[in-house]
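In the working numbering, the protein residues as written are 19 to 434.
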């Protein structure tokens, strides 16, 4: 009931935010407000709402407010396709932001946005499948994401595990495109660096009990568990692992950087839990977001999974529409690279910065949005590159221990 009420409040806020001007430019959001990835989508919706509020306070886009029509994918690809189809065919939105998880973003892309030539920006879908689709010419340049591919994250995670002395690992992964791809990329890098994988156990989402998966993963007496999951299912799996006598040492994917996960498992069991997240150097946008997200979040923490990069997805969308000069998908697609280009005036998060950006755009001068996750630029496939944050859970808090650069990750991959 609590999740349902929260999801309902997000929908209501998104539908009614910023109606002061005479016109609205509508952007579709298809996010995981409920289901296993609900904590991601709820944080993402609030962050995008914050970005749109900031741009509207700065004067809006093309003389109008930018508003969100937010739909709940329920963490299911078929539901997401239905919602995206309505947004494109009925509401005629030029952009869809979403999904959060890859098993939602991929079907939206292949079934809706790519055929219709509508811009899609995913804040947090990291599967290499999305890069492959772009390389095959199936996206026509309309797809972007504000997270690095798992082809890179898997290598970064493998290096971090080896450096922390986690050299004999079991893997439990969610049995979908995201989980399979991250497991494969990690395994290849980890074994190339001398690590040993004792077992690989897939799991299906939304089970009430994962004791059998935890027991199977303990074959071969691993030193630690690499858990590729979401916070809700991940907490259930971690508790089963601990209850069955598994070592209280964990490697975690980026989405497990979550207070809900830590609280559900128990902080006392996670003092040797390590993880990686896509992210670059801090910018003034980072500071702004962490100081002001509580004003709109309804209690969601600014370090909630997908929150930071969702703000950036919203900000880039709004600035690109302003740069395009009209709500045309093809022009917005091209403008996304313009507002994140290398040669423009740096622009950061917040209404004051967006006001400056809109003035520069009106004057025909280039801008470069430097986001909450750092300076963002997109390659020809809509991917971003950049270093990864390395983190550890200590006394129930996530602390960043360092970074691994994109160049280092690329060097490791070239030697595999």
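Using N, Cα and C, we set each Cβ at its ideal position, and we do this for glycine too. In this text the structure is predicted, and so the values were computed from the model without any measurement.
Positions of the beta strand (DSSP E) runs, each at least 3 residues long and wholly inside the segment 37-101, are given as 42-49, 83-90 in order along the chain. Residue environment analysis places residue 418 among the exposed positions, since fewer than 16 neighbouring C-beta atoms fall within 10 angstroms of its C-beta.
No Cβ-Cβ contact shorter than 8 Å links residue 77 with residue 41. Note that the segment 212-225 does not touch the segment 160-174; fewer than 3 beta-carbon pairs, one per stretch, sit closer than 8 Å.
Around the C-beta of residue 361, fewer than 16 other C-beta atoms lie within 10 Å, and the residue is accordingly described as exposed. In this structure, the straight-line span from the alpha carbon of residue 51 to that of residue 208 is close to 34 Å. Residue 111 places its beta carbon less than 8 Å from that of residue 87. Secondary structure note for residue 263: it is in no alpha helix (DSSP H), with a DSSP letter that is neither H nor E. Collapsing the DSSP output to three states places residue 226 in coil.
Excluding its 5 nearest sequence neighbours in each direction, residue 335 has C-beta neighbours in its own chain below 7 Å: 45, 113, 115, 139, listed in chain order. The alpha-carbon of residue 203 is positioned some 24 Å away from that of residue 411.
The beta carbon of residue 92 lies closer than 6 Å to those of 52, 53 in the same chain, with the five residues before and after it left out. Residue 242 holds the alpha-carbon nearest to the alpha-carbon of residue 265 among 280, 275, 242. Collapsing the DSSP output to three states places residue 392 in a strand. Counting of Cβ neighbours within 10 angstroms places residue 249 among the buried residues, the total reaching 16 or more. Excluding five sequence positions before and after residue 284, none of the CB atoms of its chain fall closer than 7 Å to its own CB.
In this structure, the CA atom of residue 99 is about 43 Å from the CA atom of residue 183. Taking the Cα positions, residue 386 is about 11 Å away from residue 367.
For residue 113, the enclosing beta strand (DSSP E) has its first and last residue at 113-116.
With fewer than 16 other CB atoms across the displayed protein chains lying within 10 angstroms of its CB, residue 313 is exposed. Uninterrupted alpha helix (DSSP H) stretches at least 4 residues long and entirely within the segment 235-317 occur at 249-261, 277-283, 302-310, 312-315, given in chain order. Excluding residues up to 5 positions away in sequence, 369 lie with their Cβ nearer than 7 Å to the Cβ of residue 75 in the same chain. With distances taken between CA atoms, residue 391 lies nearest to 404 out of 404, 363, 383. As computed with DSSP, residue 140 is found in a beta bridge with 163.
With the rule of 3 Cβ pairs closer than 8 Å, the segment 156-168 counts as touching the segment 122-137. Annotation note: the segment 326-380 contains the following uninterrupted beta strand (DSSP E) runs of length 3 or greater, listed N- to C-terminal: 363-365.
Residues of the same chain with a CB within less than 7 Å of the CB of residue 260, apart from the 5 flanking positions on each side, are 266, 287 in chain order. CA-CA distance, residue 301 to residue 311, rounds to 16 Å.
Shown here for residue 201: same chain residues with a beta carbon closer than 7 Å to its own, the five before and five after excluded, namely 189, 191, 218, 246 in chain order.
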